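Comments concern the structure below.
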Amino acid sequence: MPFRRRKAPTFREKLHRAIFPPKGFRRVLGYYRLKILRIGGSPHAVAAGLAIGMVSAWTPFLGFHILFAIPFAWVLGGSMVAAALGTAFANPVTCPIIWPLTWEIGQFILGRAGGGEARPVDLAVLFSQLKLSELWDPILEPMLIGSLPPGLFCGLLVYVATYFGIRSFRISQTERRLARRSEYQQAYEREYQPGNLTAQPADRKSVDA
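Residue numbering for the sequence shown follows the numbering used here, beginning at 11 and increasing consecutively.
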């Protein structure tokens, strides 16, 4: 490829770019905003899909968020493309905040916060030996239960903001399109009004002379 990099980026460089985009977070957010505004479907479908993806991103099942979001979006009449975009909320920047927050909320809901029921967990041993059954009770269960309150709250906010944002954007697009069509119509009428049509032969003779 003519514009391909001579040296492929390393994993560390890719991770650094994912956490700190070279062109800034504002440009990345603007890019996602344009992609959301250009998704086809009704404002409700796009907003519902994005909200479902946001709720899924709060769950602890990293890597499976899309697999959860797309079927729910299809069942609830949301946009599956928007649902996939909504799962991008779980990223290297937000996950270090989401995971401990959901775990603490889950511990509080389950009544384990400061209740003496918590026992020390050696994450390195659990993950290395793949003891998922032992991961459920101390980690996954409180994280899953704790993800529901903030996930539903953020999903509701995202739905409302996206719904009214897309509706306003499409109304303004329609108004601009109608205004542009009106300008073209007025310019056409000025160009081809009867006075100009009768003056064309004289102008043509002067040009021929």
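By construction, the Cβ of each residue, glycine as well, lies at the ideal position given by its N, Cα and C atoms.
Since this is a predicted model, take the numbers as computed values, not measurements.
In this structure, how does DSSP classify residue i when only helix, strand and coil are distinguished?
i       : result
Trp-68  : coil
Pro-102 : coil
Phe-179 : helix
Phe-163 : helix
Ile-49  : coil
Gly-194 : A quick correction: the sequence has Tyr, not Gly, at residue 194. Helix, per DSSP.
Phe-82  : helix
Val-202 : A small correction: the amino acid at residue 202 is Tyr; Val does not occupy that position in the sequence shown. Note: Tyr-202 maps to coil in three-state DSSP.
Arg-89  : Inspection of the sequence shows that residue 89 is occupied by Ser rather than by Arg. Of the three classes helix, strand and coil, the one that applies to Ser-89 here is coil, per DSSP.
Gly-121 : coil
Phe-74  : coil
Ala-55  : helix
Gly-126 : Low per-residue confidence applies at Gly-126: pLDDT is 47, beneath 50, and the placement is therefore not dependable, though the value from the model is reported in the following sentence. Three-state DSSP puts Gly-126 in coil, outside helix and strand.
Which whole-angstrom value is the C-beta distance of residue i and residue j, which I expect to be below 8 Å?
i      : j      : result
Gly-76 : Ala-94 : The identity of residue 76 in the sequence shown is Ile, whereas the question assumes Gly. Right, their Cβ atoms sit about 5 Å apart.
Phe-99 : Ala-58 : 15 Å between Cβ atoms; not a contact.
What is the rounded straight-line gap between the Cα of residue i and the Cα of residue j?
i       : j       : result
Met-90  : Leu-167 : 19 Å
Gly-125 : Asp-147 : Because the pLDDT of Gly-125 is 49, which lies under 50, any placement of that residue in the model is unreliable, and the number read from its coordinates should be weighed accordingly. Gly-125 and Asp-147: Cα-Cα distance of roughly 15 Å.
Ala-79  : Ile-62  : 6 Å
Ile-107 : Leu-145 : 20 Å
Leu-120 : Pro-152 : 7 Å
Thr-104 : Phe-179 : 28 Å
Ser-192 : Arg-200 : 12 Å
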